[in-house]
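Structure first, then comments.
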Amino acid sequence: MKKRNIIYTLILSALFCASAMFQSCTLETSGNGKLDGYWHLIAVDTIATGGTCDLSQKRLFWGVQAKIINMSDRDNRSCDFLLRFEHVKTILRVYSPLINDRSAGDKPVDNAEVLKPFGIEALEQSFKIETLKSKRMTLVTDKLKLHFYKM
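Next up, the structure:
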């Protein structure tokens, strides 16, 4: 009888441990869908003039994951930037930009000029998502249209 109780207890313990392991291994997703990824900024159109700036040979990137965008210029090796964002339906709002400095701590950006090479003109800005496909994204403001290709 004692042996049966020990076996019964061991089986229940094993089942409990197995169920706890499977519950802790849930797949986490950001809910960003096609927005998540590493985007190459390939062109910026100026709406007022109709002009286009071809950036396809420059290495300007937006890395989108969870609720953070990491913007980097791989040609100039200047500093990277981190921005928080909200994605609701066809609107992408970016805000709270930081200079990405892991060794000294991320510092807030106080002048939006440093963000202009990435198509950002203000410390808080909203874009209309005109196109968001598996490999292409187009973001629009009242002044600019940004074209991206997903790497």
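Per mature numbering (1 follows the signal peptide of the UniProt record, and there is no 0): the sequence shown = residues -22 to -1, 1 to 129.
In this text, a Cβ means the ideal position worked out from N, Cα and C, and glycines have one as well.
Residue i classed as buried or exposed, judged by whether at least 16 other C-beta atoms fall within 10 angstroms
i, result
"residue 211", "What the structure shows of the chain is the stretch from -22 to 129, and residue 211 is not part of that stretch, so it cannot be assessed."
"ILE47", "buried"
"VAL66", "exposed"
"PRO75", "buried"
"MET129", "exposed"
In DSSP terms, what residue i is bridged to
i, result
"ILE98", "For ILE98, which the question treats as bridged, DSSP gives no partner whatsoever."
"LYS85", "ILE77"
"ARG71", "GLU64, SER104"
"GLN43", "ILE46"
"ALA21", "ASP32, HIS125"
"ASP58", "ASN78"
"THR27", "In the DSSP output, where bridge partners are listed per residue, THR27 has none listed."
"LEU117", "ILE107, LEU124"
"ASP14", "Answer is none; ASP14 lacks a bridge partner."
"ASP51", "LEU38"
Cα-Cα separation between residue i and residue j, rounded to whole angstroms
i, j, result
"PHE126", "ALA82", "31 angstroms"
"MET49", "SER112", "20 angstroms"
"ARG71", "LYS12", "16 angstroms"
"ILE77", "THR27", "31 angstroms"
"ALA44", "LYS(-21)", "53 angstroms"
"LEU19", "GLN35", "10 angstroms"
"ASP84", "LEU124", "26 angstroms"
"LEU60", "ASP51", "12 angstroms"
"ILE91", "GLY9", "The residue you asked about is not Ile; residue 91 is Glu in the sequence shown. One C-alpha to the other measures close to 31 angstroms."
"ASN54", "MET115", "24 angstroms"
"GLU99", "GLY41", "18 angstroms"
"THR119", "PHE105", "5 angstroms"
"PHE63", "TYR73", "6 angstroms"
"GLY29", "ARG37", "20 angstroms"
"ILE107", "ILE69", "6 angstroms"
"PHE39", "TYR16", "7 angstroms"
"LEU93", "LEU110", "22 angstroms"
"ASP32", "LYS121", "16 angstroms"
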